[in-house]
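Each remark here refers to the structure printed beneath this line.
Number of protein chains: 2
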Amino acid sequence: MARSATGISAIASKEPILERLGTVAIVGVGLIGGSIGLALRARGLAERVVGIGRDQERLDEARRLGAIDEGTTDHSSGFASAQVAVICTPVDRIAEEVRFAAQCGPEGMLITDAGSTKRAIVEAVEADTRARTAFVGAHPIAGSERNGVSHARADLFVERVCALTPTGQTPADRLERCRAFWSALGCRVLEMSPDDHDHSLAFTSHLPHIVASALAATVPVESLNLAAGAYRDGTRVAGADSVLWSAIFLANRVPLGAAIEALESRLGRWKSAVVAGDDSALDQLWQEGRRSRQLFD
Amino acid sequence: MARSATGISAIASKEPILERLGTVAIVGVGLIGGSIGLALRARGLAERVVGIGRDQERLDEARRLGAIDEGTTDHSSGFASAQVAVICTPVDRIAEEVRFAAQCGPEGMLITDAGSTKRAIVEAVEADTRARTAFVGAHPIAGSERNGVSHARADLFVERVCALTPTGQTPADRLERCRAFWSALGCRVLEMSPDDHDHSLAFTSHLPHIVASALAATVPVESLNLAAGAYRDGTRVAGADSVLWSAIFLANRVPLGAAIEALESRLGRWKSAVVAGDDSALDQLWQEGRRSRQLFD
């Protein structure tokens, strides 16, 4: 599924080195954007980190917390001298921000993002000639059910996978710089197509979020005093932000619909085995889940 | 749902005090039975803790780990002088062990258990006159996806709920001693009917286990390198022991079948909203799960 690395990095058998950057612009300085800023500054990877957002107060908070050097609500001035722009907004606003960054930013700018879905974003960006030549889609698979820059951490990306989703239209130099950028933050970089990414993430992330939410809503509140670890862990991410997640679900409808259907089919088998009291079917279903889980560990 | 406490403990407005016990017998010295032994010994609650099991080697390990003072595979000698017997086997063997303890044990013995389901056990015990007058069903809601005495901990029960399920046939003195016993291990004791217990636990524990297993089996193994926190937490308990859990599912078929159906219905609403791209339905579904989860926190 994953494409091999670029020729250069494959020969070197390690990630390309990131040269110290001048200005990096981060659009959306929440948990992810804030953690990128903290990591860039903690690792001395950039001379200046500019936060771009819609709310000056939150940008001021990000500055106080050390996630950015300065913050602005004026996108064009924020992008003006940036060598790298990282778009960390909810997924439904990413493509638009990429196009705007490509318009306002200097020649040679690398634009990347941190969106949890990729196909719709990459398609929308590639419809724009200027944006297409600057952009490499990315998804650092790190996060939390908590939001906001106050939960940001400089080590959020250490040893986490970052999926890059280049296409036949992605310039090789931007791809190499993008690998170097995310590696420098601590990520293990993989490459795959936007479709493969979205299909996998429908199962590994979006479905678990829906399951957690459905489980939380199904357990009667009057029984919660008898809930313990299995409930607590199984519903943890149901506390996440609804705006972020609704946008993700909408951007990945087809793969996610298929993932829900696969789970429904499995639950149907469980229900039949439970209702029938079918000992060996229950045991087999359990063993299959257990083996899959052990592969993850 | 929960019945009020007994008269005595209600007047005192705290749990009855456990007098130091002579011998306590524990049948099944794994994670739960071993933790009971460790807690009894760490808190100086008994003069002697006897482990009863089928495998002398495992009993020897429990003794080395300090969970019991001695171990025997001979049930009748193990029960002979015990003031309290705690049955910690898989649920499908509990009623039989209770009946045997009642036969072999001294007059006045308290028998309790740690089974995750209660109705079938209580019904089977109450069909036996001698066992009925000695038994109080219990379920300390504590555990782990790990098994065996090597994972036992003296503090496993601290601040955890223990549900007692007395019936109209349960003698008041045994109920009071049983409250004192589980409280002395650190539990917060609640009382409820066996049916109420099984109905609640179908939702708060058994369903989350099935969901974790179904989710683990649904995610394609080739995508696991892109799985992160939501998958990890949502599938954690899928690694638990299949013998234990098959027995629990079988003993709670009707409530559990209803719980799976309730979840299926909720997932059906999710699938419709995803496939239709219905923004406001997605948002509403998410908010409902989020509110329930926040009540738990």
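Residue numbers (my numbering), protein chains in the order written: chain U, 1 to 297; chain C, 1 to 297.
Even glycine gets a Cβ: it sits at the ideal position worked out from N, Cα and C.
Since the model is a prediction, treat every value here as computed from it, not as a measurement.
- In the displayed model, T170 of chain U falls within coil according to three-state DSSP, outside both helix and strand.
- Runs of the alpha helix (DSSP H) lying entirely within the segment 127 to 163 of chain C and spanning at least 4 residues, in chain order: 129 to 132.
- Remark: C-beta atoms of L282 of chain U and F181 of chain C do not approach each other more closely than 8 Å.
- Contact between V29 of chain C and R54 of chain C does not hold, since the beta-carbon distance rounds to 11 Å and is not under 8 Å.
- In the structure shown, G37 of chain C falls within a helical segment according to DSSP collapsed to helix, strand and coil.
- The beta carbon of E264 of chain C falls within 8 Å of a beta carbon belonging to chain U, placing the residue at that interface.
- Annotation for I26 of chain C: the continuous beta strand (DSSP E) segment containing it runs 21 to 27.
- For D279 of chain C, the residues of chain U that pass the 8 Å Cβ criterion are S246, L250, in the order they occur in the chain.
- Close to chain C, meaning a Cβ-Cβ distance shorter than 8 Å, are the following residues of the segment 215 to 238 of chain U: L215, A216, A217, T218, V219, P220, V221, E222, S223, L224, N225, L226, A227, A228, G229, A230, Y231, R232, D233, G234, T235, R236, V237, A238.
- DSSP places E15 of chain U outside both helix and strand once states are collapsed to three, so it counts as coil.
- By the CB criterion at 8 Å, S116 of chain U and H139 of chain U fall inside the cutoff.
- About 7 Å separates the CB atoms of E261 of chain C and K271 of chain U; that is less than 8 Å, so the two are in contact.
- Interface annotation for the segment 116 to 144 of chain C against chain U: I141, A142, G143, S144, criterion Cβ-Cβ distance under 8 Å.
- Nearest Cα to G186 of chain C within the set C:D155, C:A202, C:L164: C:D155.
- Per DSSP, reduced to three states, the secondary structure at R269 of chain U is helical.
- Close to W286 of chain U, with beta-carbon spacing below 7 Å, are these residues of chain C in chain order: S213, S242, W245, S246.
- For the C-beta of S205 of chain U, the chain C residues within less than 8 Å are, from N- to C-terminus, L226, A227, A228, A230, Y231.
- Between V275 of chain C and chain U, the shortest Cβ-Cβ separation is below 8 Å.
- The distance from the Cβ of L263 of chain U to that of T235 of chain C is about 12 Å, inconsistent with a contact at the 8 Å cut-off.
- Between the C-alpha atoms of T73 of chain U and V275 of chain C there is a straight-line separation of about 36 Å.
- Contact between T89 of chain C and V136 of chain C fails: their C-beta atoms lie close to 17 Å from each other, not under 8 Å.
- Assigned with DSSP and collapsed to three states, L256 of chain C falls in helix.
- With contacts defined as CB atoms closer than 8 Å, E159 of chain U and R188 of chain U qualify as a contacting pair.
- Among the CB atoms of chain C, one or more fall inside 8 Å of the CB of A163 of chain U.
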